[in-house]
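Sequential numbering of the sequence shown, starting at 59, is according to the numbering used here. Remarks on the structure that follows.
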Amino acid sequence: MPLTSPQSGQDDDDSLNIGEYFATLLSHKWLIISVTLLGLLAGFFYNFISKPVYRADALLQVEEEASGLVSFEALGALGESSSSVDAEIEILRSRMVLGNVVDRLRLQVVAAPRYAPVIGEAVARRFRESGVAKPWFGQDQLAWGGEKIEVERLDVPDYLLGQALRLTSGETGGYTIEDPEGTWQFNGRVGERLQEMLPGGEELALFVSYLKARPGTEFELLRNSRIDTISALVGKLSIREKGRGSGIVQIALEGHDRVGQKAILDQLMYVYVRQNVERRSAEAESTLQFLETQLPALKEQLDAAEAAYNSYRLEEGSVDLTSETQSVLASVVRVDKELVDLQQEREELRQRFKPEHPRLKALDGKMARLQRKRAELDKNVAELPGTQQKILRLKRDVEVNTRLYTELLNTAQQLRVAKAGTVGNVRIVDEAAASTEPVAPKTPMILAGSLVLGFIFSVVLIWLLRSLRVTVETPEAIERNLGLPVLATVPHSKLEDRLAKATKTGKSKMGLLALEDGEDDSIESLRSLRTTLRFTMAESDRGGVLITGPSQGIGKSFVSKNLAVLLAQAGETVALVDGDMRRGHLHREFGLEKNLGLSEFLSQDLGFDAIVKPTIVEGLDIITCGERPPNSSELLMNSRLELLVQALLNTYNQVVIDAPPILAISDAATLARYVGTTIMVARAGQHPLAELEQALKRMSMSGIKTSGFVLNDLDTTRMRYRYGYSGYHYQYKYK
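Encoded structure:
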């Protein structure tokens, strides 16, 4: 039972839709796959050459209040921390701290083996044996794995900062060092200090403590400026507070040297914590120095007061204080002591705050009240007898100075103890630790990214090529722009691809799709061409059809041979002529030899019957191209060609000539003079419109009228996505 499935194309303009985009990508699937795989290979290569990056981190805690001092107002609140966490983070990034780290670890000095470009370091990094790797490609001067150098000191003039010096290992611990220009060279030994004068009078100092390499291996040594090294370290450091207000500071550092990153963080925390303790103990030291300068003067005042008091008692004899005088004396001493304490506290606060600060104003108020009370006590003293007044003043001086001196001595001792016990307001929570596995490169992400980038690049490449080369893809484009009808649209045939490949490789002696699968869509399209040709040829006063095209590789021979088979299957006698004497190959498709063909007929005195060969198709004979002549164009000018074509037209119902491409040579125009119908084959998506126009122009200049086009190798899948139908052909199948 016949099952029909008609699918017709629909009109569309030249604008693209989603279906067209998808169809275009699908038609270039092998390009997409190839470029995407290349992207994946590039990702593998990048992952191979990328140096592993390790991360080291540590945690610090910044406490709001911490002090090794006792709580004592006279110490000026030395335990208060005026630095916020943000300020401490900036101190961690400061040149004061990082410069100390750079100096301790000698980070200004960089020494490394010289590797081969691109892959050298990656190869050396994967060397796991105990010795030194053998050189590759005879490059003895390069490092290939296992080489190591340690430089304790490298001092160079300022003009050599940042410039790489070349160190070449020698025999038995020796080495040679020279500048990049080769203007000077010195010899040294591992473990010995090298100190030489450069040509400009500057000094070069170098100490290599360890060197492991083959003799002749080159290393690069350079010393960076201190400020550049600090700046580079600042750029690599990541310092942040973990949670606002938590006081927990995380310090992280990433680099290629796992051990080195941990060492840098260890030194950074050591230097930072030490300076924090020193800064806080400096407060106690400053106060202690002030007190120690005041103690001698107070001691002199105390001694003078005691001497005056004892002298007066000797002069006046034993004088006892009355109970009233003793009461006044106690009050005066207490008020004077409080005034001295407040004056000392105010002096310390004045160094930290402005005069309008509330704490200073409060102290000034207390001192004013005490001074008024002191004035009242002075009035009471004035009412005492003269002897009592004198002895009271002397006794007061002794007691006030004694109390003040004793308290200052105690304070100084407390400061000495506090200074020794200062711990700072920061502490290490987590010691520096480096990751055992690299944090970069991330292989899965690199491979996935390279795969995606490869795909994107392939898509961009496809659209770029498409924009640079606009080709004819539809019958409408030909008919609209060239004014000629499209006699048939032949879809792409996968079976024909396999047949053509088998014929070329010799696996098959026949390559005729019409015989292999007569129901193939391509053959059905050629059957419609066979029908159309009957009407087209009827309009001509001469028989025969010539099939050509603008260029090679467009399928004109495919159309010619299968059309000839279909004509023969329709009961007509057909002569198929391979008119391409340069590159003809129709003989292979029929399993014949090419000799004794067209070229021999035109160049030799052969008869008609000598060159006509029968085929396995009943009613179809073929004239092969013959051996390749040196002058095919001149042979076609031979009058025997017209005689041959005329004889064929008289003998056969149909004559089909497979001609060479018209834009390559003029043979097609010469052959077309002797037949009535000329068909131009175009391959969908291959020809710019200008190429087809030029092919028609060539034929027209030779006086040949082209009857129409055959659009070959149409991608029906792409057309289906673009138009929502099969495109430009119908299907009729039997099951």
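The C-beta atom is built at its ideal place from N, Cα and C for all residues, glycine as well. Small disclaimer: the values here were computed from a predicted structure and weren't measured.
3 or more residues per run - each beta strand (DSSP E) lying fully within the segment 159-200: 167-171
Exposed unless 16 or more other CB atoms sit within 10 angstroms - verdict on Asn468: exposed
Run of the beta strand (DSSP E) containing Gly246, from where it starts to where it stops: 243-247
Start and end residues, beta strand (DSSP E) containing Thr547: 544-549
Nearest to Trp194 (by Cα), restricted to the options Asp324, Ile177, Leu587, Arg186: Ile177
Residue closest to Asp578, alpha-carbon to alpha-carbon, out of His550, Asp636, Val214, Asp399: His550
Buried/exposed call for Pro797, threshold 16 Cβ in 10 Å: It is not possible to answer for residue 797, since the shown part of the chain is limited to 59 through 793.
Spatial distance of Phe130 from His415 (CA atoms): Unreliable placement is indicated for Phe130, whose pLDDT of 40 sits below 50; no coordinate value is reported for it.
Ile107 and Ala170 closer than 8 Å at C-beta: no
DSSP three-state assignment for Thr631, whether helix, strand or coil: coil
Supposed contact pair Ile90 and Ser516 - C-beta distance, whole angstroms, cut 8 Å: 4 Å
CA-to-CA distance, Gln359 to Pro413, given in whole angstroms: 30 Å
Opening and closing residue of the alpha helix (DSSP H) in which Ile91 lies: 87-107
At least three beta-carbon pairs within less than 8 Å, the segment 557-571 to the segment 736-753: no
Contacts around Asp725, its chain only, beta-carbon distance under 7 Å, and the 5 residues preceding and following it disregarded: Gly637, Ser690, Ser691, Leu694, Ala717, Pro718
Buried or exposed by the 16-neighbour rule on C-beta atoms within 10 Å, applied to Lys619: buried
Identity of the residue in Tyr173, Leu280, Arg183 nearest Asp198 by Cα: Tyr173
From Ile715, Ala742, Glu574, Ile520, residue whose alpha carbon lies closest to that of Leu84: Ile520
Inter-stretch contact at 8 Å, needing at least 3 Cβ pairs: the segment 761-772 / the segment 526-546: yes
Anticipated Cβ contact below 8 Å, Arg284 with Gly157, distance rounded: 7 Å
Beta-carbon proximity list for Gly601, same chain, < 6 Å, skipping 5 on both sides: Leu707, Gly734
Whole-angstrom distance between Leu295 and Val484, CA atom to CA atom: 19 Å
Backbone CA spacing between Pro809 and Gly655 [nearest angstrom]: No answer is possible for residue 809: it lies beyond the span of the chain, which begins at 59 and ends at 793.
Classification of Thr682 by the beta-carbon crowding that lies within 10 angstroms, buried from 16 upward: buried
Contact under 8 Å by Cβ, Thr94 with Phe659: no
Rounded separation between Gln704 and Ile612 - CA only: 28 Å
Cβ-based burial, Leu701 [other Cβ within 10 Å; buried from 16]: exposed
Secondary structure of Ser609, DSSP reduced to three states: coil
Distance, Asp488 Cα to Arg332 Cα: 16 Å
When Val603, Leu466, Thr494, Asp575 are compared against Leu349, the one with the closest alpha-carbon: Leu466
Cβ neighbour criterion (16 or more within 10 Å) applied to Thr606: buried
Contact with chain E by Met759, beta-carbon distance below 8 Å: In summary, chain E is missing from the structure at hand, where a single protein chain is found.
DSSP state of Ser580 mapped onto helix, strand, coil: helix
Near the ligand FAD: Asn539 beta-carbon under 7 Å from a heavy atom: In terms of ligand content, the structure shown is empty, and the ligand FAD therefore cannot be addressed.
Every unbroken beta strand (DSSP E) inside the segment 452-501 [3 residues or more]: 484-492
Beta-carbon spacing of Leu720, Val603 below 8 Å: With the sequence shown as reference, residue 720 is identified as Ile, and Leu is not the correct amino acid for it. Not closer than 8 Å, so no.
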